[in-house]
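Number of protein chains: 2
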Amino acid sequence: MNDDNPKPVRGRPRTMNADTVRDVAMDAYWRTDPADVSINAICQMAGIAKPSLYRAFGSEDGLTRAVLDSYADRVLSVVFAILQNGEGLQDTLDALIDFASADPRMETGCLFYKMRAGKHRLGPETRARVEEIDAMAQAAYAAVLQGARDAGNWPGGLSVEAGATYLGEQIALAITQRASGEDPARIREMLTLALSVFTRQ
Amino acid sequence: MNDDNPKPVRGRPRTMNADTVRDVAMDAYWRTDPADVSINAICQMAGIAKPSLYRAFGSEDGLTRAVLDSYADRVLSVVFAILQNGEGLQDTLDALIDFASADPRMETGCLFYKMRAGKHRLGPETRARVEEIDAMAQAAYAAVLQGARDAGNWPGGLSVEAGATYLGEQIALAITQRASGEDPARIREMLTLALSVFTRQ
DNA sequence: TCATTTTGTTACCAGTCAGTATTTTATACC
DNA sequence: GGTATAAAATACTGACTGGTAACAAAATGA
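From first to last, the protein sequence lines stand for chains A and B.
When we follow the working numbering, the leftmost residue of the first sequence carries the number 84, and every step to the right adds one.
When we follow the working numbering, the leftmost residue of the second sequence carries the number 84, and every step to the right adds one.
Structure follows, in structure tokens:
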């Protein structure tokens, strides 16, 4: 993705690494909340001047959008992999429970859910990307549940779509509770309870 | 609570009604989000000058605290009444489901949950009150579940405390979804599903 | 009439925000 | 050397934030 074989061009050589700045921003957004981290603070943390950031990302929306793209590549892909590679419903749900309630990456919550919760504060590009990812996740959850339904184990009177929304929101709730410092063991207990509705005999 | 028999005192008579200003602020906070409503905007909406507001409430923290107190009196009391007056577990859960998924007062969400979600942005007084109310709610939920447990219908292997947290968070999730424009019928479906774990035979 | 008290009004404070114009610096090309 | 080019650094803009000082207005009490 990055040209790390920089054939020399005219002009002052660049000292700022956009990927590094993006990662600094992601870390700050992720640890606290995107709404609580200013461009000024990111520049200070990254040791760069503001115009350099604006040259690389164009606007705050451009930065948050780049951060979200990278976050999707590096973190959300794990969830999509679980959904696509799980062996059966119970196995998939167990993997999701493990990830949400125990994975150290979710210790300070999920940056995507934080962005989604404050969606109205985001710029248009980032907001559109949030909605796109949300739709992808809903589809992935629905695919898993449709598979279970086809296999014959499905609670009566529940639509796959509603089940997918329910599943996604329960995961979001569990991870958001991680961010607020709730005891992981209790989070696991509650998430297991919430998802038991899919597998009661 | 208010002295509406104002025996004349010295000084210029007051034209500002603090209760009205508080209600204007509550409405604005409730419709959108406390973090998105500035003191300046409230003054403009209420048609008063900033020093008048500060004379009445002392600080932004004082105002949000007064708003939360009033909200607890006028709205949260409904939930506590449901919890205290419900006839049996299923009846109580049904009433909670009705309130969360259909009551028009929750159409733009719950101000308390909005404050709790942005707790770190609140002043110390308001934050303390949020935590106090949260503890009261947890206790009220636990009392209902303890009653059901004493009556003999209780799912195996679940502590009352964890059940109470689960119940509270499911209500919060449902109401937060109301604020984000989710279809009330689907919210009801999902909340019913989530709370069915308490009453499966 | 005149001082006292309490309110409302105006204009301001310092700080922060996202974003940018301007200048300085470091390189490549000739 | 000199020139073109692109990046970095500094300093700024205008808007907004919570909060307040200074003053004007409206009442009471003497």
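In this text, a Cβ means the ideal position worked out from N, Cα and C, and glycines have one as well.
Classification of residue i by the beta-carbon crowding that lies within 10 angstroms, buried from 16 upward
i, result
"Q253 (chain A)", "buried"
"A245 (chain A)", "buried"
"K202 (chain B)", "exposed"
"R95 (chain A)", "exposed"
"V162 (chain A)", "buried"
"Q167 (chain A)", "exposed"
"T98 (chain B)", "exposed"
"P117 (chain A)", "buried"
"A268 (chain A)", "exposed"
"R210 (chain B)", "buried"
"A222 (chain A)", "exposed"
"V227 (chain B)", "buried"
"A108 (chain A)", "buried"
"A234 (chain B)", "exposed"
"R93 (chain A)", "exposed"
"R212 (chain B)", "buried"
"N85 (chain A)", "Reliability of the predicted coordinates at N85 (chain A) is poor, the pLDDT of 43 falling under 50, and the value obtained from them is presented with this limitation in mind. Looking at its Cβ environment, which holds fewer than 16 other Cβ atoms inside 10 Å, N85 (chain A) is exposed."
Run of the alpha helix (DSSP H) containing residue i, from where it starts to where it stops
i, result
"P238 (chain B)", "No alpha helix (DSSP H) holds P238 (chain B); DSSP gives it neither H nor E."
"E190 (chain B)", "Unbroken run through E190 (chain B): none, as it is neither H nor E."
"F163 (chain A)", "160 to 168"
"D102 (chain B)", "101 to 114"
"F182 (chain A)", "172 to 185"
"F140 (chain B)", "133 to 140"
"T275 (chain B)", "267 to 278"
"R210 (chain A)", "207 to 233"
"V150 (chain B)", "143 to 154"
"A124 (chain A)", "122 to 129"
Nearest neighbour of residue i, chosen from the options [CA to CA]
i, options, result
"V104 (chain A)", "A:D116, A:Y196, A:L276, A:C126", "A:C126"
"E208 (chain B)", "B:E143, B:R188, B:G240, B:L228", "B:E143"
"G169 (chain A)", "A:G145, A:R210, A:G230", "A:G230"
"P295 (chain A)", "A:N100, A:V92, A:R210, A:W113", "Since the first residue of chain A shown is 84 and the last is 284, residue 295 (chain A) is not available in this structure."
"T175 (chain A)", "A:V92, A:L250, A:D152", "A:L250"
"P238 (chain A)", "B:S279, B:Y224, B:W237", "B:S279"
"A294 (chain B)", "B:R93, B:A111, B:F140, B:V92", "Coverage of chain B is limited to positions 84 through 284, which leaves residue 294 (chain B) absent and any answer about it impossible."
"L136 (chain A)", "A:R157, A:V158, A:A164, A:D106", "A:D106"
"F281 (chain A)", "A:D119, A:A149, A:R232", "A:R232"
"A164 (chain B)", "B:V120, B:E272, B:R138, B:A220", "B:A220"
"N236 (chain A)", "A:M198, A:D266, A:L172", "A:L172"
"V158 (chain B)", "B:A225, B:F182, B:M273, B:Y224", "B:F182"
"V243 (chain B)", "A:M273, A:A225, A:R138", "A:M273"
Assumed close pair residue i, residue j - CB separation to whole angstroms, cut-off 8 angstroms
i, j, result
"A257 (chain B)", "S184 (chain B)", "6 angstroms"
"A200 (chain B)", "A124 (chain A)", "With a Cβ gap of about 22 angstroms, A200 (chain B) and A124 (chain A) do not count as contacting."
"T362 (chain A)", "L205 (chain A)", "Not covered by the structure: residue 362 (chain A). The range shown for chain A is 84 to 284."
"Y154 (chain A)", "L179 (chain A)", "Not confirmed; about 18 angstroms, so no contact."
"L151 (chain A)", "L241 (chain B)", "That pair is no contact at about 37 angstroms."
"A255 (chain A)", "Y196 (chain A)", "5 angstroms"
"R283 (chain A)", "R283 (chain B)", "6 angstroms"
>> Tell me whether the segment 131 to 146 of chain A and the segment 214 to 224 of chain B touch, counting them as touching only if at least three CB pairs, one residue from each stretch, are closer than 8 angstroms.
In response: no
> Three or more C-beta pairs closer than 8 angstroms, one from the segment 189 to 197 of chain A and one from the segment 259 to 276 of chain A: is that the case here?
Replying inline: yes
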